[in-house]
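Asks: Before I ask anything, here is the structure I am working with.
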Amino acid sequence: MDLVSKSDPYFILRYRLPNGQLRQVYRSEAIQDTLDPQWRSTPDINLRDLCGGDTQSPCIEFACFDEDLVNDDPMGTFLVSAEQLMAGTGEFQLTTVKKDKTKSYGTICLAESQFVKTTTFLEHMKRGLQINIAFSIDFTGSNGNWTHPSSLHYFSPQMPNQYIRAMLAVSDVVQEYDTDRQFPVYGFGAQTPFPVESIHFFPLTGNYQNAYVNGMQAVVDTYAGLLPQLRFSGPTNFAPTIRAITTGARQARGVYTILLIMTDGAITDMRDTIDAIVDADDAPLSIIIIGIGNSDFSSMVRLDGDDERLCNSVGKLCRRDLVQFVVFNQFLSAPPERLAAAVLEEVPRQVEIWGRLNGIQ
1 MDLVSKSDPY FILRYRLPNG QLRQVYRSEA IQDTLDPQWR STPDINLRDL CGGDTQSPCI
61 EFACFDEDLV NDDPMGTFLV SAEQLMAGTG EFQLTTVKKD KTKSYGTICL AESQFVKTTT
121 FLEHMKRGLQ INIAFSIDFT GSNGNWTHPS SLHYFSPQMP NQYIRAMLAV SDVVQEYDTD
181 RQFPVYGFGA QTPFPVESIH FFPLTGNYQN AYVNGMQAVV DTYAGLLPQL RFSGPTNFAP
241 TIRAITTGAR QARGVYTILL IMTDGAITDM RDTIDAIVDA DDAPLSIIII GIGNSDFSSM
301 VRLDGDDERL CNSVGKLCRR DLVQFVVFNQ FLSAPPERLA AAVLEEVPRQ VEIWGRLNGI
361 Q
């Protein structure tokens, strides 16, 4: 606990599964130096994630902690049902058990809750929503010389590299929804043989007005054909790509874009990237980041937004989670569909929340 100052409380919402295990659903921001915190409202949380659809059982755990430099101190918990939360307001006692004695840490007041029915992903698809997948490939120097077998871009027809395998695994699922099979393909972090506006975002076709290729084989062929002509450079910046794709996604009516970014390391423009993601929270866009290779990707987990909402440099909170991050090496020995399932797991809910934010029913 803080010995001089007041507490720095934050809370975690967990779903208590039928087998007793706890699954974290949300973590709030910590409010510094206070005994009377007033937390921001949570983002939209799917009822299935919160309680498995069981609205009557007290299976939602609210746990409060005091944030410290080393170990965060527990400040009590309570269990509640979704039905109780549906009441809109309420007061709940934070308690903890120490030496067989129950101690109260205070009262949590629920100011407001809203339960809203959203249009499902399949309903959006039936009403004509189109899916478009855009590829973005990391060509920074840390990937290694593409001609060397140790390079992450080493190209061999007999053994596709991790970049190609990741693209194919995801596209096998997504292209079933992408009816025209036209894919824009971009890169970043390299000098190109053609004039570009920035090494941080360029089309592999060399044409900003037409970055599309026809079918997945053309994606692989375009990538393989350009590879020998690139001079790998750096740094690893995501923000230019995200902003450019967001602009295009906003202009494409009736289309939801999935941006697949493949990278071999942590980014160098974290602050700008968070700003770009928050700015895109109402755009028809999901961002999937696949970590390639053996780098330490721990900082990238922050972009995922599963544990804590992203906040931009002027204090605006991201209104929905639109980023999914996975590490390719965790699926090396698994069938391709396992990677595709992990990568695309959150997309349907992201589409549903995007539709609600924009009043699309």
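Here the UniProt record's numbering is used: the first residue of the sequence shown is 1, the next is one more, and so on.
Where is the CB? At the ideal position from N, CA and C, for every residue including glycine.
#1: Among the candidates F331, T241, Y10, N358, whose CA atom is the shortest distance from the CA of D138?
#2: Is E91 helix, strand or coil by DSSP?
#3: Would you say T34 faces chain B, with C-beta separation under 8 Å as the test?
#4: Looking only at its chain, what residues have a beta carbon closer than 6 Å to the beta carbon of Q330, apart from the 5 residues adjacent to it on each side?
#5: Note down the Cα distance separating G248 from Q209, rounded to an integer number of angstroms.
#6: With distances taken Cα to Cα, identify the nearest neighbour of G53 among Y15, D33, R243.
#7: What residue does the beta strand (DSSP E) around P336 start on, and which one ends it?
#8: Helix, strand or coil for M75? Go by DSSP, reduced to three states.
#9: Is there contact here, the stretch 254 to 268 with the stretch 167 to 174, by at least three beta-carbon pairs under 8 Å?
#10: Figure out for me which residue from P18, Q114, G90, T77 has the closest Cα to the Cα of T102.
#11: Hey, could you find the ends of the beta strand (DSSP E) R23 is sitting in?
#12: Which word fits Q191, buried or exposed, when buried means at least 16 other C-beta atoms lie within 10 angstroms of its C-beta?
#13: For the stretch 268 to 275 against the stretch 229 to 237, are there 3 or more C-beta pairs whose distance is under 8 Å?
#14: For the putative contact between L204 and T222, defined by C-beta atoms under 8 Å, what is the C-beta separation to the nearest angstrom?
#15: For a test of the three-state rule: what should DSSP assign to P228, helix, strand or coil?
#16: Given that a residue counts as buried once 16 or more other Cβ atoms are within 10 Å of its Cβ, and exposed if not, what is H124?
#17: Given G20, which residues of its chain have a CB within under 6 Å of its CB, disregarding the five upstream and five downstream residues?
#18: If we ignore side chains and look at the alpha-carbon of each, how far apart do I12 and E345 end up?
#19: Where does V213 sit, in a helix, a strand or coil, going by DSSP?
#20: Just verifying my parser: in three-state terms, what is the DSSP assignment at G355?
#21: Using a Cβ-Cβ cut-off of 6 Å (strictly less than) and excluding sequence neighbours within five positions of L110, which residues of its own chain qualify?
#22: According to DSSP, simplified to helix, strand and coil, what is I360?
#23: From the DSSP secondary-structure annotation, give me the bridge partner or partners of M262.
#24: Can you give me the C-alpha to C-alpha distance between C59 and P195, rounded to a whole angstrom?
#25: Threshold first: 4 residues or longer. Then list the alpha helix (DSSP H) segments lying entirely within the stretch 104 to 173, N to C.
#26: For S299, does the count of other Cβ atoms within 10 angstroms reach 16, so buried, or fall short, so exposed?
#27: Roughly how far, in whole angstroms, is the beta-carbon of F183 from the beta-carbon of F135, given that I think they are within contact range, below 8 Å?
#28: What are the boundary residues of the beta strand (DSSP E) that includes A63?
#29: Using the C-alpha atoms, what's the distance from E176 back to L227?
Replies: According to the data block:
#1: T241
#2: strand
#3: The chain inventory of the structure shown lacks chain B, comprising one protein chain alone.
#4: none
#5: When rounded, the distance between both Cα atoms is 11 Å.
#6: Checked all of Y15, D33, R243; the closest Cα to G53 is Y15.
#7: Looking at the DSSP string, P336 is not in any beta strand (DSSP E); the run it does join, the alpha helix (DSSP H), is 336 to 344.
#8: strand
#9: Enough Cβ pairs lie closer than 8 Å, so yes.
#10: T77
#11: 22 to 27
#12: Q191 comes out exposed.
#13: yes
#14: 5 Å
#15: helix
#16: buried
#17: none
#18: 22 Å
#19: strand
#20: helix
#21: T89, G90
#22: I360: coil per DSSP, three-state reduction.
#23: I137, I290
#24: Their Cα atoms are separated by approximately 58 Å.
#25: Segments of the alpha helix (DSSP H) lying fully in the stretch 104 to 173: 121 to 126.
#26: exposed
#27: 6 Å
#28: 60 to 66
#29: 28 Å
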